[in-house]
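Before any comments, here is the structure.
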Amino acid sequence: MKHSRVCTLGGLGLALALMSGTSLAQAPAQVNTQVPGYYRLAVGDYEVTALFDGYNDLSPKLLDGLTQDQIRALLARRSIETPGVQTAFNAFLVNTGKQLILVDTGAGQCIGATAGQLSANMQAAGYKPEQVDTILLTHLHLDHVCGLVDAQQKPVFANATVYAAKAEADYWLDPQAMAKAPAGAREFFKIAQDSTAPYIAAGRFKTFTVGQSPVPGVVDAELEAGHTPGSTTYRFNSQGQSILFMGDLVHNLAVQFEHPEVSIRFDVDNQQAIKSRAKVFSDAAASKIWVTAAHLPFPGVGHITAMDKHFQWVPIEYGPYKRAAKVPMIE
Numbered sequence: 092m093k094h095s096r097v098c099t100l101g102g103l104g105l106a107l108a109l110m111s112g113t114s115l116a117q118a119p120a121q122v123n124t125q126v127p128g129y130y131r132l133a134v135g136d137y138e139v140t141a142l143f144d145g146y147n148d149l150s151p152k153l154l155d156g157l158t159q160d161q162i163r164a165l166l167a168r169r170s171i172e173t174p175g176v177q178t179a180f181n182a183f184l185v186n187t188g189k190q191l192i193l194v195d196t197g198a199g200q201c202i203g204a205t206a207g208q209l210s211a212n213m214q215a216a217g218y219k220p221e222q223v224d225t226i227l228l229t230h231l232h233l234d235h236v237c238g239l240v241d242a243q244q245k246p247v248f249a250n251a252t253v254y255a256a257k258a259e260a261d262y263w264l265d266p267q268a269m270a271k272a273p274a275g276a277r278e279f280f281k282i283a284q285d286s287t288a289p290y291i292a293a294g295r296f297k298t299f300t301v302g303q304s305p306v307p308g309v310v311d312a313e314l315e316a317g318h319t320p321g322s323t324t325y326r327f328n329s330q331g332q333s334i335l336f337m338g339d340l341v342h343n344l345a346v347q348f349e350h351p352e353v354s355i356r357f358d359v360d361n362q363q364a365i366k367s368r369a370k371v372f373s374d375a376a377a378s379k380i381w382v383t384a385a386h387l388p389f390p391g392v393g394h395i396t397a398m399d400k401h402f403q404w405v406p407i408e409y410g411p412y413k414r415a416a417k418v419p420m421i422e
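Position one of the sequence shown corresponds to residue 92 (my numbering), numbered consecutively onward.
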């Protein structure tokens, strides 16, 4: 009887301690860091790794084609009511088994505290910058080329050859074009020139024209001008599967799929950019291939589906690198 009473009293004491909020163990310190920014998927025999370089906020006022009230209503449908819209800088690594190819390089040191994470996330994903042998640039805006060099303007990718469309290189790397540009835009020309300079000096910067492939048999390149004069999409094909890297054809998830006629003020030719976006969206929806985008929420990989004159972004779900041969089906 005494033993039973002691047990009862002990249990009561524990219950009272728990009810009073007294902890029996000290809580560990919060970690306060995000997980490494990479995501991997298989496309045929190719391994594709999305890499997070960082982010900034873009003002909805940069979007043209709808009123600000309409744009704000579309953003509110996704619970975005902040002054700016968080926008990712995504780059993509493709291991073909024979080559390690990087599509775009992020904003690097040009954006400051919120970017420049590409190399660290690449290493977290199991690769090193010096292992990259080929870099494909969708275009030469700073948030795609600044990652080519470090803060001392030294090449980050010591063994890589950089490729860009000739139309793009002719525009951004021409000193005369820079001299003719509005004063406020000349900085962006200089950034493109400084970022590519060490690769040009080493003979490791090359251009290609419409109909050519920077990596024959692996990549199909298509000129999709508008955002810039030489904006390029890259399509990798392996074992009947494909993935398209479309760069900056879209900047805002909430607005530009529902209304692909909305442009952004960074477009050199906004009407041509709208045509290029509609064409690529339609083709991707019809072919049902994987698509990546530089500024959609990380990892920026998914599918595009068509609904009348509108489109929808279907982001990739977190899952295994390759599905098991037999997956249990619950019926």
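Just so it is clear, CB atoms sit at the ideal spot from N, CA and C, and this is done for glycine as well.
What you are looking at is a predicted structure, and each value in this text was computed from that prediction instead of being measured.
Which partner residues of D339 appear in the DSSP bridge assignment? Paired residue(s): none; D339 is not in a bridge.
Of the listed residues L387, E408, H394 and A397, nearest to D148 (C-alpha basis): Out of L387, E408, H394 and A397, the CA that lies nearest to the CA of D148 is found in L387.
DSSP has S333 in a bridge; who is on the other side? In DSSP, S333 forms a bridge with N328.
Give me the Cα-Cα distance between L344 and V253, rounded to the nearest whole angstrom. So the two alpha carbons sit approximately 29 Å from each other.
What residues match up with K297 in a beta bridge as DSSP calls it? Beta-bridge analysis with DSSP links K297 to Y254.
Alpha carbon to alpha carbon, what distance is there between N328 and H350? One Cα belongs to H350, the other to N328, and the distance between them is close to 29 Å.
In terms of DSSP beta bridges, what is P246 paired with? BP columns for P246 point to V240.
With burial defined as no fewer than 16 other Cβ atoms inside 10 Å of the residue's Cβ, what is the status of P419: buried or exposed? With fewer than 16 other Cβ atoms inside 10 Å of its own Cβ, P419 counts as exposed.
Can you tell which of M398, V353 and S373 has its C-alpha closest to the C-alpha of Q159? When each option's Cα is compared against that of Q159, the closest is V353.
Assign E278 to one of two classes, buried (16 or more other C-beta atoms within 10 Å of its C-beta) or exposed (fewer than that). With fewer than 16 Cβ atoms within 10 Å of its Cβ, E278 is classed as exposed.
Segment contact flag, the stretch 120-131 with the stretch 156-174, C-beta cutoff 8 Å, min 3 pairs: These segments do not touch.
How would you call G188, buried or exposed, if buried means at least 16 neighbouring beta carbons within 10 angstroms? That one is exposed.
Residue burial classification, V405 (beta-carbon count within 10 angstroms, cutoff 16): It is exposed - the Cβ of V405 has fewer than 16 other Cβ atoms within 10 Å.
Sort L184, A256 and V223 by Cα distance to T324 and report the nearest one. When each option's Cα is compared against that of T324, the closest is A256.
Does the count of Cβ pairs from the stretch 255-272 and the stretch 170-177 closer than 8 Å reach three? The count of Cβ pairs closer than 8 Å, one atom from the stretch 255-272 and one from the stretch 170-177, stays below three, leaving the stretches out of contact.
Name the DSSP beta bridge partners of W404, please? Here W404 is bridged, per DSSP, to I395.
Helix, strand or coil for T99? Go by DSSP, reduced to three states. Its pLDDT being 49, under 50, T99 is placed unreliably by the model, and the measurement read from it follows with that caveat. Residue state, collapsed to three classes: helix.
Would you check if the stretch 303-320 and the stretch 116-126 touch, i.e. whether three or more CB-CB distances between them fall below 8 Å? The stretch 116-126 vs the stretch 303-320: no contact.
Going by Cα to Cα distance, which pick from A377, A416, V392 and K297 is closest to M398? Distances from the alpha-carbon of M398 to those of A377, A416, V392 and K297 put A377 closest.
At the level of alpha carbons, what is the spacing between Q284 and Y262? In a straight line, the C-alpha of Q284 is about 11 Å away from that of Y262.
Beta strand (DSSP E) runs contained entirely in the stretch 123-159, provided each spans 3 or more residues: With a minimum length of 3 residues, the continuous beta strand (DSSP E) runs that stay inside the stretch 123-159 are 129-134 and 137-149.
With a threshold of 8 Å, are at least 3 pairs of Cβ atoms found where one atom belongs to the stretch 354-373 and the other to the stretch 407-414? No, they do not touch.
Taking K379 as the reference, which of A276, I395 and T229 has the closest Cα? Selected option, being the one with the closest Cα: I395.
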